[in-house]
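Residue numbers (numbering that gives the first Met the number 0), protein chains in the order written: chain A, 0 to 220; chain B, 0 to 280. Even for Gly, the Cβ is constructed at its ideal location relative to N, Cα and C. Encoded as structure tokens, the structure appears first; notes follow it.
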Amino acid sequence: MPRIIFDRQLKELQDDVLTLGSMVERAVTRSVEALKARDVAAAHQIVADDAEVNHKRFEIEEKCVELIATQQPMAHDLRTIIGVLNIVTELERMGDHAAGIAKITVMMGGEPLLKPLIDIPRMAEKATEMLRRSLHAFIAGDADEARRICEMDDEVDSLYDQVFRELLTYMMADPGTITKATYLIWVAHNLERTADRVTNICERVAYMVTGRMEEIGASKY
Amino acid sequence: MRRVVELKLPPLGELPTSKGEIPEQDVAIRVEDLNAWYGHHQALRSISIDILRHQITAVIGPSGCGKSTFIRCLNRMHEVVRGGRVSGKVFLDGLDVYAPEVDPVLIRRRIGMVFQRPNPFPTMSIFDNVAAGLKLNNLADKRTLPAIVEKCLRQAALWDEVKDKLNAPGTALSGGQQQRLCIARALAIEPEVILMDEPASALDPVATLKIEDLMRELAVNYTIVIVTHNMQEAARVSYKTAFLLAGEDRAGELIEYGLTHEIFTNPGDKRTEDYITGRFG
Numbered sequence: 000m001p002r003i004i005f006d007r008q009l010k011e012l013q014d015d016v017l018t019l020g021s022m023v024e025r026a027v028t029r030s031v032e033a034l035k036a037r038d039v040a041a042a043h044q045i046v047a048d049d050a051e052v053n054h055k056r057f058e059i060e061e062k063c064v065e066l067i068a069t070q071q072p073m074a075h076d077l078r079t080i081i082g083v084l085n086i087v088t089e090l091e092r093m094g095d096h097a098a099g100i101a102k103i104t105v106m107m108g109g110e111p112l113l114k115p116l117i118d119i120p121r122m123a124e125k126a127t128e129m130l131r132r133s134l135h136a137f138i139a140g141d142a143d144e145a146r147r148i149c150e151m152d153d154e155v156d157s158l159y160d161q162v163f164r165e166l167l168t169y170m171m172a173d174p175g176t177i178t179k180a181t182y183l184i185w186v187a188h189n190l191e192r193t194a195d196r197v198t199n200i201c202e203r204v205a206y207m208v209t210g211r212m213e214e215i216g217a218s219k220y
Numbered sequence: 000m001r002r003v004v005e006l007k008l009p010p011l012g013e014l015p016t017s018k019g020e021i022p023e024q025d026v027a028i029r030v031e032d033l034n035a036w037y038g039h040h041q042a043l044r045s046i047s048i049d050i051l052r053h054q055i056t057a058v059i060g061p062s063g064c065g066k067s068t069f070i071r072c073l074n075r076m077h078e079v080v081r082g083g084r085v086s087g088k089v090f091l092d093g094l095d096v097y098a099p100e101v102d103p104v105l106i107r108r109r110i111g112m113v114f115q116r117p118n119p120f121p122t123m124s125i126f127d128n129v130a131a132g133l134k135l136n137n138l139a140d141k142r143t144l145p146a147i148v149e150k151c152l153r154q155a156a157l158w159d160e161v162k163d164k165l166n167a168p169g170t171a172l173s174g175g176q177q178q179r180l181c182i183a184r185a186l187a188i189e190p191e192v193i194l195m196d197e198p199a200s201a202l203d204p205v206a207t208l209k210i211e212d213l214m215r216e217l218a219v220n221y222t223i224v225i226v227t228h229n230m231q232e233a234a235r236v237s238y239k240t241a242f243l244l245a246g247e248d249r250a251g252e253l254i255e256y257g258l259t260h261e262i263f264t265n266p267g268d269k270r271t272e273d274y275i276t277g278r279f280g
């Protein structure tokens, strides 16, 4: 006996998570592009758009609360709704990281960058790829894929190491670069945290599927 | 309304897992390969289950899966029905309940029962309803009877509401009070196990929660087995849950038996999942 209305509501909830995920993915990508282009106006816009991410998160949370209150979900249904609650929290924080990068661009003004950006865009690409895949794993209910995605976090971590070491050498060679180099380290840190949050999403996906809490990706940082 | 709920469960880390071995002394009732029939119709097939002492065990399943038959087999009530027949073993603290020399009346004294609809004796006062079991079993002593009745009514969380009208008829009470009166009546003969067959299904939500609180308090001293249609109720009150489902020939089988929190968050069997999520049954 299917539960037509409830199943539809659960499906809508999953669609909402995908929508929020793509909003966040776009914010991360745009924030690094604005940094690269030193586009302060775009950066301002990204900061302003973060409010939409926050709003969408609350909207999804409200739907979850309503479903729990009215449908008494059990077992996989319950784990899905709890998973959604956790995932949207992670997504919202990832949106904050993107806004954080945009704020750094604003702080830097139109100033030229210390160096051409190579590893930071790579970090962003990897982090957003992880995010995309994690949400596919969520929709597909694929715990193995969720575990595999977490392995990518090591690649982001090592890129972060690389960025940090490189910027450190700049600062040691010329203390005049400290401010600009620190800004870029903050950017890299935001991206590193973004990837970490994807691993949290993956843990939730695994819980949703298996019913077991597991820590998959113990990040280096 | 203040709800007094005292969970006597050990911290999560110390809980036995549903797969782990249960120490012998923690088993109040052991059921082995239990089958039950109504005439030619088999109502239960090969049920084996250990019911834990001083815990609440819930039996859930769709209508007609044999839940009520199952608990009626535990205290030999099933054989009272015409055509009722049982095979297999039920042990109460190691005593073979179906052994030829065992008196079913004594078993029913040790395993009490509360039914779906509150059924106080209609012509008796509140006091006499509680005392009835003792009188029937010739256990009543005029000097101690008032104290026993008070104790049982207190245990059933009804004393404060009825202490000034003990001579009023039992049927004058509200449904929830009547059900607690029936629980007090069951307690009077000092059973070790209390079977409850949908004890709250005829009650309103407030009375239901009172019965549930009461069950938890009683579980400190009694082993409780509850049959319920209400899965939220099973999830709220019980420590372990058994899920029964009727097979193609309508004989009820045990599909899954485990810790309640596992059954309701991560059941092991797809059929349990379908039932508790409301997609079946």
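Determine, using beta carbons only, whether residue 74(A) comes closer than 8 Å to chain B. Looking up residue 74(A) in the first sequence gives position 75. Closer than 8 Å: yes.
Name, going along the chain, the residues of the region 267 to 279 of chain B whose beta-carbon falls closer than 7 Å to a beta-carbon of chain A. Answer set for the region 267 to 279 of chain B: 272, 275, 276, 277, 278, 279.
Coil, strand or helix - residue 10(A) by DSSP: As a first step, residue 10(A) must be located in the first sequence, where it is residue number 11. Helix.
Cβ of residue 322(B) less than 8 Å from any chain A Cβ? Within the shown structure, residues of chain B are numbered from 0 to 280, placing residue 322(B) beyond reach of any answer.
Beta-carbon contacts of residue 185(A) that lie in its chain and below 6 Å, excluding the five residues immediately before and after: Start at 1 with the first residue of the first sequence, and residue 185(A) comes out as number 186. Excluding positions up to five away in sequence, the list reads 103.
With respect to the beta strand (DSSP E) encompassing residue 37(B), which residues constitute its N-terminal and C-terminal limits? One-based indexing of the second sequence puts residue 37(B) at position 38. From DSSP, the beta strand (DSSP E) with residue 37(B) extends over 26 to 37.
For residue 112(B), the residue or residues it bridges with in DSSP: By one-based count along the second sequence, residue 112(B) stands at place 113. The partner list for residue 112(B) (beta bridge, DSSP) reads 194(B).
Span separating the alpha-carbon of residue 108(B) from that of residue 271(B): Stepping through the second sequence from its first residue, residue 108(B) is reached at position 109. Stepping through the second sequence from its first residue, residue 271(B) is reached at position 272. Separation of residue 108(B) and residue 271(B) (C-alpha to C-alpha, rounded to the nearest whole angstrom) is 34 Å.
Could you have a look at residue 240(B) and say whether DSSP puts it in helix, strand or coil? Within the second sequence, residue 240(B) is the residue found at index 241, counting from 1. Of the three classes helix, strand and coil, the one that applies to residue 240(B) here is strand, per DSSP.
Interface partners of residue 9(A) on chain B, CB under 8 Å: If you number the first sequence from 1, residue 9(A) lands on position 10. None at all; the shortest Cβ gap to chain B is about 10 Å.
For residue 45(B), the first and last residue of its enclosing beta strand (DSSP E): Taking the second sequence and counting its residues from 1, one reaches residue 45(B) at position 46. Here the beta strand (DSSP E) through residue 45(B) covers 40 to 51.
Whole-angstrom distance between residue 15(A) and residue 84(A), CA atom to CA atom: In the first sequence, counting from the first residue as 1, residue 84(A) sits at position 85. In the first sequence, counting from the first residue as 1, residue 15(A) sits at position 16. Cα to Cα, residue 84(A) sits roughly 12 Å from residue 15(A).
Is there contact between the region 149 to 160 of chain A and the region 67 to 76 of chain A, where contact requires at least three CB pairs shorter than 8 Å? These segments do not touch.
Can you give the Cα-Cα distance for residue 115(B) and residue 182(B), rounded to whole angstroms? Reading the second sequence from its first residue, position 116 is the one you call residue 115(B). Reading the second sequence from its first residue, position 183 is the one you call residue 182(B). Near 12 Å, if we compare the C-alpha coordinates of residue 182(B) and residue 115(B).
Neighbourhood of residue 283(B) by C-beta, 7 Å cutoff - its chain only, sequence neighbours within 5 removed: Residue 283(B) lies beyond the stretch modelled for chain B, which goes from 0 to 280, so this question has no answer here.
For chain B, check one thing: does any of its Cβ atoms lie closer than 8 Å to the Cβ of residue 71(A)? Working through the first sequence from its first residue, we reach residue 71(A) at position 72. So yes, residue 71(A) belongs to the interface.
Are the CB atoms of residue 256(B) and residue 241(B) within a distance shorter than 8 Å? Here residue 241(B) refers to the residue found at position 242 of the second sequence. Here residue 256(B) refers to the residue found at position 257 of the second sequence. In this structure, residue 241(B) places its C-beta atom within 8 Å of the C-beta atom of residue 256(B).
Exposed or buried, which one is residue 282(B) when buried takes at least 16 other CB atoms within 10 Å? The requested residue 282(B) is not part of the displayed model; chain B covers only 0 to 280.
Please state the DSSP three-state secondary structure of residue 95(B). For the purposes of this step, residue 95(B) is identified with residue 96 of the second sequence, where counting begins at 1. Of the three classes helix, strand and coil, the one that applies to residue 95(B) here is strand, per DSSP.
Tell me, please, whether the CB atom of residue 207(B) is closer than 8 Å to any CB atom in chain A? Working through the second sequence from its first residue, we reach residue 207(B) at position 208. Cβ-Cβ to chain A under 8 Å: no for residue 207(B).
Is the beta carbon of residue 238(B) sitting closer than 8 Å to the one on residue 54(B)? Translated into the one-based positions of the second sequence, residue 238(B) becomes position 239. Translated into the one-based positions of the second sequence, residue 54(B) becomes position 55. Against a cut-off of 8 Å, the Cβ pair of residue 54(B) and residue 238(B) comes out as a contact.
Going by DSSP, what residue range makes up the alpha helix (DSSP H) through residue 117(A)? Mapped onto the first sequence, residue 117(A) falls at position 118. Counting along the chain, residue 117(A) falls outside any alpha helix (DSSP H), and DSSP gives it neither H nor E.
Using 8 Å as the cut-off, can you tell me whether the region 160 to 179 of chain B makes contact with the region 137 to 144 of chain B, which would need three or more C-beta pairs spanning the two stretches below that distance? Contact between the region 160 to 179 of chain B and the region 137 to 144 of chain B is absent, because fewer than three Cβ pairs lie under 8 Å.
If you check the beta carbons only, do residue 267(B) and residue 65(B) fall under 8 Å apart? Taking the second sequence and counting its residues from 1, the one referred to as residue 267(B) is at position 268. Taking the second sequence and counting its residues from 1, the one referred to as residue 65(B) is at position 66. It is not a contact, given that the beta carbons lie outside the stated cut-off.
I need the boundaries of the beta strand (DSSP E) containing residue 257(B), first residue and last residue. The residue labelled residue 257(B) in the question sits at position 258 within the second sequence. It spans 251 to 258 - the beta strand (DSSP E) in which residue 257(B) sits, taken as one unbroken run.
Taking C-beta to C-beta, are residue 37(B) and residue 111(B) nearer than 8 Å? Within the second sequence, numbered from 1, the residue matching residue 37(B) stands at position 38. Within the second sequence, numbered from 1, the residue matching residue 111(B) stands at position 112. Contact: no.
Name the two residues that bound the continuous beta strand (DSSP E) containing residue 226(B). What you label residue 226(B) is simply residue 227 of the second sequence in a count that begins at 1. Counting along the chain, residue 226(B) sits inside the beta strand (DSSP E) bounded by residues 222 to 226.
Report the residue ranges of all alpha helix (DSSP H) runs contained in full by the region 100 to 168 of chain A; include only those spanning at least 4 residues, in chain order. Counting only runs that start and end inside the region 100 to 168 of chain A, the alpha helix (DSSP H) elements of at least 4 residues fall at 118 to 139.
Identity of the residues DSSP links to residue 67(B) by a beta bridge: As a first step, residue 67(B) is located in the second sequence; it is residue number 68 there, counting from the start. Partner(s): none; residue 67(B) has no beta bridge.
Counterpart residues of residue 168(B) in DSSP-defined beta bridges: As a first step, residue 168(B) must be located in the second sequence, where it is residue number 169. In the DSSP secondary-structure assignment, residue 168(B) is bridged to 124(B).
If you run the structure through DSSP and keep just helix, strand and coil, what is residue 57(A)? In the first sequence, the residue the question calls residue 57(A) occupies position 58. Three-state DSSP puts residue 57(A) in a helix.
Name, going along the chain, the residues of the region 211 to 243 of chain B whose beta-carbon falls closer than 8 Å to a beta-carbon of chain A. The residues in question are 230, 231, 234.
Which residues DSSP lists as bridging residue 88(B), in chain order: Here residue 88(B) is taken as the residue at index 89 of the second sequence, counted from 1. Looking at the DSSP assignment, residue 88(B) forms a beta bridge with 31(B).
C-beta neighbour in chain B for residue 16(A), strict 8 Å: Taking the first sequence and counting its residues from 1, one reaches residue 16(A) at position 17. With a threshold of 8 Å between beta carbons, residue 16(A) makes no contact with chain B.
Pop quiz: residue 193(B) and residue 221(B) are said to be a contact at Cβ under 8 Å. What is the actual Cβ separation, rounded to whole angstroms? By one-based count along the second sequence, residue 193(B) stands at place 194. By one-based count along the second sequence, residue 221(B) stands at place 222. Confirmed, about 5 Å.
List the residues of chain B whose Cβ lies closer than 8 Å to the Cβ of residue 203(A), in chain order. Here residue 203(A) refers to the residue found at position 204 when the first sequence is read from its first residue. Here the premise fails: no neighbours, minimum Cβ distance about 14 Å.
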